[in-house]
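Chains as they are written, first to last, in the numbering used here: chain A, 14 to 241; chain B, 14 to 241.
Glycine included, C-beta positions come from ideal geometry on N, C-alpha and C.
A short write-up of the structure that comes next.
2 protein chains.
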Amino acid sequence: MASVIDEAPGRVTFAERAYREIKARILENEFPAGSIMLEQELAALLEMSRTPVREALIRLAREGMIDVRPRHGMRVLPVSANDMREIYQILTALEAEAAAQIARDGATPARLAELKAAVAEMDAALAADDLDAWALADDHFHRVILAFCGNERLKAIIEQFMDQSHRVRKLTLRLRPRPVSSNDDHRALVAAIERRDAETAWRIHHAHRLRNGRMLVELLERHGLGQL
Amino acid sequence: MASVIDEAPGRVTFAERAYREIKARILENEFPAGSIMLEQELAALLEMSRTPVREALIRLAREGMIDVRPRHGMRVLPVSANDMREIYQILTALEAEAAAQIARDGATPARLAELKAAVAEMDAALAADDLDAWALADDHFHRVILAFCGNERLKAIIEQFMDQSHRVRKLTLRLRPRPVSSNDDHRALVAAIERRDAETAWRIHHAHRLRNGRMLVELLERHGLGQL
DNA sequence: TTCCCCATTTACGTATACGTAAAGAAATAC
DNA sequence: GTATTTCTTTACGTATACGTAAATGGGGAA
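Here it is in structure tokens:
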């Protein structure tokens, strides 16, 4: 497992470590939306100087996870319903394209097997009523799609926006209906890829993300999460 | 004019200035692909210290315009045919979505007028056989579309990738056939937006970007630009 | 009490200092 | 002449220093 996802090694610099650690804490809601931290505090927490912390904050700000205001520290941004609408509009357009591209290119038997295995993971998790495992498997499926799409830039942007929506998906995991249709969608997508039907692959995945996006936006609006 | 494009003001920091100046020089091929510059040199050139220069380089590297290798300086990345393929695949998917969104929302008369004015600019430039003016007008049209799409994130990413392809479009401007069909495409897009036909708007703009992307990739392959 | 002005504090933007590891040069061995 | 090794240089990553402008709090005026 984890066959496709890991990055090139390369010296892990302090700035890189700062980026990863701060981001991880935001994604896991350890720094919840609205949190305010000063550069100094983060530097102390991570046991390094302000310089690499600043470099990490610049990246995180560009990616839309935090907002850094001149003498107020960094602030972890909440994800509003409108943010989610924007994010999913982008994810929908891009992931549908990635899926279509895989179908156009045709997947090798090994890759098809990996896709099917990912769907099987999701089925198993759902059968066991293990929502956390399901979320993990779902994430895995989407990342395998990205790994196979043959466009590194496309992969990178989609991952960036998946990260941004991660907190919301996590918080709403138990508020949403059982994700049966997601598994069905993915199975149908794999089938379309197998018969190299790019048009159908696009339509299935487009509808999949569109539906999920709307559901999350509605949940945000209804439960008023992401305020602050 | 320039009604929609300018950014919020805010103190322009040295790091921001470094970013803009370095990027501008890259986009205008003043720092051509393959150029190598040290942080020190850039700092001296821009009359500031290494710190803000570094912050600018981090952003530029993330955006894929340069590559910074420890102890070799930053290197302006060439745009290969494959890079262009990747960039245009993303632009195609995203801009088509932006166009469709405008059609769905419906454009106010003022906005429709601005779109039509942008097309008129392109027509005038083409009639006058002024390719540089045409390129400017074309860019303007695309930016107006972005300004109206109602999705700030979508706008930001598309602009980022338009920047990345800017050098290639500039260098190939006189190698390509007269862009008559581009003007026709844009006119048809505006018409689709006017009658709120999102499906058609999507299809027109998708085909437009797909065709232009393929043309640029082919030009890059044929003329072997972007090596190094 | 409420408002405003001024002094103090402080967080950040930028500059500078420093150590290290890699690149390049020089010298020696073969 | 070529290869290997050592030495020097240097560019960057990180730490620290410093000035400034914004935020905060208190005191005085109404």
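Among the options, which residue has its Cα nearest to the Cα of residue i?
| i | options | result |
| --- | --- | --- |
| residue 54(A) | 46(A), 40(A), 70(A) | 70(A) |
| residue 44(A) | 130(A), 63(A), 79(A), 65(A) | 79(A) |
| residue 49(B) | 35(B), 87(B), 34(B) | 87(B) |
| residue 234(B) | 51(B), 167(B), 92(B) | 92(B) |
| residue 111(B) | 230(B), 231(B), 126(B), 203(B) | 203(B) |
| residue 177(B) | 40(B), 26(B), 28(B) | 40(B) |
| residue 81(B) | 124(B), 47(B), 60(B), 238(B) | 47(B) |
| residue 85(A) | 57(A), 52(A), 116(A), 103(A) | 52(A) |
| residue 128(A) | 117(A), 142(A), 223(A), 151(A) | 151(A) |
| residue 205(A) | 64(A), 115(A), 228(A), 90(A) | 115(A) |
| residue 228(A) | 101(A), 89(A), 35(A) | 101(A) |
| residue 67(A) | 29(A), 144(A), 99(A), 175(A) | 29(A) |
| residue 166(A) | 133(B), 98(B), 56(B), 148(B) | 98(B) |
| residue 60(B) | 35(B), 73(B), 75(B), 74(B) | 35(B) |
| residue 103(B) | 163(B), 218(B), 199(B), 27(B) | 218(B) |
| residue 42(A) | 90(A), 74(A), 117(A) | 90(A) |
| residue 162(B) | 95(B), 27(B), 58(B), 211(B) | 211(B) |
| residue 226(B) | 213(B), 120(B), 96(B) | 96(B) |
| residue 108(B) | 157(B), 56(B), 181(B) | 157(B) |
| residue 182(B) | 231(B), 126(B), 216(B) | 231(B) |
| residue 125(A) | 146(A), 148(A), 160(A) | 160(A) |
| residue 220(A) | 164(A), 113(A), 27(A) | 113(A) |
| residue 118(B) | 135(B), 164(B), 147(B) | 164(B) |
| residue 238(B) | 180(B), 201(B), 224(B) | 180(B) |
Is residue i buried or exposed, if buried means 16 or more other CB atoms sit within 10 Å of its CB?
| i | result |
| --- | --- |
| residue 208(A) | exposed |
| residue 140(B) | exposed |
| residue 190(A) | exposed |
| residue 77(B) | buried |
| residue 62(A) | exposed |
| residue 184(B) | buried |
| residue 106(B) | buried |
| residue 186(B) | exposed |
| residue 37(B) | exposed |
| residue 195(B) | buried |
| residue 25(A) | exposed |
| residue 83(B) | exposed |
| residue 222(B) | buried |
| residue 122(B) | exposed |
| residue 188(B) | exposed |
| residue 142(B) | exposed |
| residue 193(A) | exposed |
| residue 236(B) | exposed |
| residue 33(A) | exposed |
| residue 198(A) | buried |
| residue 133(B) | exposed |
| residue 94(B) | buried |
| residue 137(A) | exposed |
| residue 214(B) | buried |
| residue 131(A) | buried |
| residue 57(B) | exposed |
| residue 10(B) | Given a span of 14 to 241 for chain B in the structure shown, any question on residue 10(B) remains unanswerable. |
Between which two residues does the alpha helix (DSSP H) containing residue i stretch?
| i | result |
| --- | --- |
| residue 228(B) | 211 to 236 |
| residue 30(B) | 27 to 40 |
| residue 201(A) | 193 to 207 |
| residue 174(A) | 165 to 185 |
My output table needs one value for residue i: the three-state DSSP class, helix, strand or coil.
| i | result |
| --- | --- |
| residue 61(B) | coil |
| residue 14(A) | With a pLDDT of 39 at residue 14(A), under the threshold of 50, the modelled position of this residue cannot be trusted, and the question is left open. |
| residue 24(A) | coil |
Just to check, is the beta-carbon of residue i closer than 6 Å to a non-hydrogen atom of the ligand MG?
| i | result |
| --- | --- |
| residue 29(A) | Looking for the ligand MG in the displayed structure turns up nothing, as the structure carries no ligands at all. |
Task: Whole runs of the beta strand (DSSP E) within the stretch 77 to 158 of chain B, excluding any shorter than 3 residues - done: For the stretch 77 to 158 of chain B, whole beta strand (DSSP E) runs of length 3 or above, ordered along the chain, are 79 to 82, 86 to 89.
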